[in-house]
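Just so we're aligned, residue 21 is where the sequence shown starts under my numbering, counting upward by one. Cβ coordinates follow ideal geometry from the N, Cα and C atoms, glycine included. The block underneath contains the structure these notes are about, expressed in C-alpha cells.
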Amino acid sequence: MNGVRHFLLALQFFTRVPVTGPLAAWVGFSPQMLRASAAHLPGIGWLVGAVAALVFVGVGMGLPGVAGALVAAVLSTVATVMMTGAFHEDGLADVADGLGGSAQRDRALEIMKDSRIGAFGAVALVLALGLKFALLAALAARGLQAAAIGIVGAHVLSRLMPLFLIRWLPYVGDSGASKAKPLADAITGGALVIAFVWALPAVALLLCAHDPVHVGAAVLAALLAAGWMARLFLRRLQGFTGDGLGATQQVCELAIYLALAWGA
C-alpha cells in the first residue's frame, strides 16, 4: 500500500485534484514519502494527459478543421493548467526570468525566487503556449485519435525527464524555504525503475497511432531537450532548482509534440 500512498501524495503535490480529509490522513506525509512520490510523476502525466486528450477530442469533434483544432488545443491546455495549477508553467516563467535577468548565478537564483513575473518570464510563457497550440493543431492533421494519444504520451514522457536531473545534478535551490526540497534529494535507482514502469506503456501507446520513426524521434527529442536543460542549469547555476524541473517538463513536452507533428 505504500506505493498507493506515494502516488496519492504525488497527486496531492503536483495537481489540484483534492486529496483531503480521511484520505489525506491515510496517505500521511513525511519528507521521505514526498521524495518517494517523485517516482510517480509520470503516473500523474497519465491522468493529466488523459483529461487533456478527452477535452481535445471532444472539442475537435464538434469543431472540425484547422480553427477547431486550435480551439481544441487551447481548451485542452486550459484543462491541464486547471488540473496542475500551472505548476510547471510557473517554473518555466521563473527560470526564464532568472536566467534572462542576470548572468550572475546568485542574482539569477534570487530572481527565480521572486513570485512576480517579469518580461522574460512573460515572453517565455507566451512563446511556449503559442508553440504548444500550433503543434497540437498540426498534430491533429494526423487525426484526432493520433493527436489524443500524442498528448497522453507527451505528458507522461515529459514528466519522466526531470527525474534524470534529480538523479545526476546537485540541488542549488533554497533548502530552507522550498517545499519541494525533499524531491530534490537524489532519486534512488528503484524509484527510477518505478518511473520507467509508468513511462514504457506510454511509448507502446504512441506506437499504436504513430509510426516507429516518429515515436523514436519523440523519445530522442525529449532526451535531447532534457540534456540541453541539464547542461544549461549546470553551466549557469551549477545545479538545478524546483523551478528548473518544471521548466524541463515544459520544454520536453514541446519537443515531443514537435517530433510527432513533424511532416504531418
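Checklist entry - What three-state label does DSSP hand phenylalanine 260 in the structure shown? => result One-based indexing of the sequence shown puts residue 260 at position 240. Three-state result, phenylalanine 260: strand.
Checklist entry - Which residues in the same chain have their Cβ closer than 7 Å to the Cβ of valine 115, if we skip the five residues on either side of it in sequence? => result Here the question's residue 115 lines up with position 95 in the sequence shown. Taken in chain order, the residues that qualify are Met132, Asp263, Gly264, Ala267.
Item to check | Local Cβ density within 10 Å of glycine 111, reported as buried at 16 or more and exposed below that | outcome: Within the sequence shown, numbered from 1, the residue matching residue 111 stands at position 91. Under this definition glycine 111 is a buried residue.
Next on the checklist: Taking the alpha-carbon of phenylalanine 107 as reference, which of Leu90, Val68, Leu119 has the nearest alpha-carbon?
Outcome noted: What you label residue 107 is simply residue 87 of the sequence shown in a count that begins at 1. It is Val68 whose Cα lies nearest to the Cα of phenylalanine 107.
Checklist entry - Does the beta carbon of alanine 206 come closer than 8 Å to any beta carbon on chain C? => result Absent from the structure: chain C. Only one protein chain is present.
Next on the checklist: Can you list, in chain order, the residues of its chain with a C-beta nearer than 8 Å to that of leucine 212? Leave out the 5 residues immediately preceding and following it.
Outcome noted: Taking the sequence shown and counting its residues from 1, one reaches residue 212 at position 192. So the qualifying residues of the chain are Ala59, Leu183, Arg187.
Item to check | Through-space distance from phenylalanine 49 to proline 42, alpha-carbon basis | outcome: If you number the sequence shown from 1, residue 42 lands on position 22. If you number the sequence shown from 1, residue 49 lands on position 29. Roughly 13 Å between the two C-alpha positions.
Next on the checklist: Rounded to the nearest angstrom, what separates histidine 234 and leucine 227 at their Cα positions?
Outcome noted: Locating residue 234 in the sequence shown gives position 214, counting from the first residue. Locating residue 227 in the sequence shown gives position 207, counting from the first residue. Straight-line measurement puts the Cα of leucine 227 at about 9 Å from the Cα of histidine 234.
Next on the checklist: Between which residues of its own chain and threonine 104 is the CB-CB distance below 8 Å, once the five residues before and five after are set aside?
Outcome noted: The residue given as residue 104 occupies position 84 in the sequence shown. Closer than 8 Å at the Cβ level, and outside the excluded window around threonine 104, lie Phe34, Thr35, Arg36, Val68.
Next on the checklist: In whole angstroms, give me the CA-to-CA distance for leucine 83 and alanine 89.
Outcome noted: Counting from one through the sequence shown, the residue named residue 83 turns up at place 63. Counting from one through the sequence shown, the residue named residue 89 turns up at place 69. Going by the C-alpha atoms only, they are around 7 Å apart.
Item to check | Buried or exposed by the 16-neighbour rule on C-beta atoms within 10 Å, applied to glycine 150 | outcome: Within the sequence shown, numbered from 1, the residue matching residue 150 stands at position 130. Of the other Cβ atoms in all chains shown, fewer than 16 fall within 10 Å of the Cβ of glycine 150; this residue is therefore exposed.
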